[in-house]
Amino acid sequence: MRRAALFGGTFDPVHHAHLALAQAALAALALDEVRWVPAGRPWQKTRAVTPAVHREAMLRLALAGEPRFVLDRIEIERAGPSCTLDTVIALRAAFPDTDWVLLLGQDQYAGLHTWRGWRELLGLVTLAVARRPAAPQTVNAEVARSGHRVVPLPMLDISATDIRGRVAAGADIATLVPPEVAGYIARHGLYRSPAGS
Ligand code: ATP
Numbered sequence: 000m001r002r003a004a005l006f007g008g009t010f011d012p013v014h015h016a017h018l019a020l021a022q023a024a025l026a027a028l029a030l031d032e033v034r035w036v037p038a039g040r041p042w043q044k045t046r047a048v049t050p051a052v053h054r055e056a057m058l059r060l061a062l063a064g065e066p067r068f069v070l071d072r073i074e075i076e077r078a079g080p081s082c083t084l085d086t087v088i089a090l091r092a093a094f095p096d097t098d099w100v101l102l103l104g105q106d107q108y109a110g111l112h113t114w115r116g117w118r119e120l121l122g123l124v125t126l127a128v129a130r131r132p133a134a135p136q137t138v139n140a141e142v143a144r145s146g147h148r149v150v151p152l153p154m155l156d157i158s159a160t161d162i163r164g165r166v167a168a169g170a171d172i173a174t175l176v177p178p179e180v181a182g183y184i185a186r187h188g189l190y191r192s193p194a195g196s
């Protein structure tokens with residue numbers, strides 16, 4: 000069996016903590032692949048999310064050079080709000096020889112019991128969780144019982160929200176995202192307005 004991780008997110012924009020998490024998971028969990036799945040319409044986000052074409056382009060720039068990083072447009076192509084369970088079901092059908100790990104930061108792990116179809120999801124994947132500053136430590140008992148692998152990641156105080164805020168304020172983001180992503184944000188004038196962030 001191949002072993003691959005599904006790494007979902009809004010990636011608005013992709014940043015160094017995402018990349019460090021995925022790299023740590025590749026090594027620690029002996030993965031053949033990390034499959035990055037940008038959300039089409041994230042149903043739990045209330046703010047206006049940057050059009051998928053930009054989020055996808057930034058991901059392509061950030062993932063280049065690591066052949067085990069694969070970008071999957073499945074949630075962008077699917078109509079309606081993104082649902083991880085639907086994605087896992089589709090990936091299992093498309094790749095029957097693959098065991099799937101679901102990569103998460105602690106904030107998402109702590110909220111997993113609010114996802115649509117979370118019980119079924121737990122039966123289909125192995126969870127792999129990375130710690131994250133300021134994330135809730137309390138986890139739903141049933142989610143906790145299903146167990147998880149630990150992705151060995153140092154605390155990285157980076158968030159896309161903070162990056163959008165910095166760009167809107169005219170501050171530097173060079174230490175937070177790859178240079179190609181910073182260049183793309185500047186060229187396309189992304190995140191300049193604080194509205195919706
Ligand atoms: P936003 O600030 O817009 O909510 P974000 O920085 O949390 O964005 P997402 O695209 O929502 O980024 O996150 C995708 C995945 O990466 C989630 O599982 C999230 O927990 C994880 N993640 C993001 N940043 C970190 C971090 N600094 N440390 C650990 N995990 C992280």
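Numbering that gives the first Met the number 0 applies: residue 0 is where the sequence shown begins, and numbers increase by one.
C-beta: ideal position from N, C-alpha, C; glycine also.
1) Buried or exposed: which applies to Pro37, given that a residue is buried once 16 or more other Cβ atoms fall within 10 Å of its Cβ?
2) Classify Arg34 as buried or exposed, calling it buried when 16 or more other Cβ atoms lie within 10 Å of its own Cβ.
3) Alpha carbon to alpha carbon, how far is Pro50 from Arg40? Give it in angstroms, no decimals.
4) Beta carbon of Ala61: closer than 7 Å to some heavy atom of the ligand ATP?
5) I need the straight-line Cα distance from Glu119 to Ala168, nearest angstrom please.
6) Roughly how many angstroms lie between the CA atoms of Thr97 and Ile73, to the nearest whole one?
7) Note the first and the last residue of the continuous beta strand (DSSP E) segment covering Arg2.
8) Is Gly182 near the ligand ATP, going by C-beta to nearest heavy atom under 7 Å?
9) Report the start-end ranges of each beta strand (DSSP E) in the stretch 64-108 that is 3 residues or longer and not cut off at the edges.
10) Using 8 Å as the Cβ pair cut-off and three pairs as the minimum, do the stretch 71-88 and the stretch 177-196 touch?
Answer, in terms of the structure:
1) Taking all protein chains in view, the Cβ of Pro37 is crowded by 16 or more other Cβ atoms within 10 Å, so the residue is classified as buried.
2) Classification for Arg34: buried.
3) Each residue's alpha carbon lies about 9 Å from the other.
4) No, the Cβ of Ala61 stays beyond 7 Å of every heavy atom of the ligand ATP.
5) Counting only the Cα atoms, Ala168 lies some 42 Å from Glu119.
6) C-alpha separation (whole angstroms): 17 Å.
7) Here the beta strand (DSSP E) through Arg2 covers 1-8.
8) Distances between the C-beta of Gly182 and the heavy atoms of the ligand ATP are all 7 Å or more.
9) For the stretch 64-108, whole beta strand (DSSP E) runs of length 3 or above, ordered along the chain, are 68-70, 97-104.
10) Touching, no, given that fewer than three Cβ pairs across the two stretches are closer than 8 Å.
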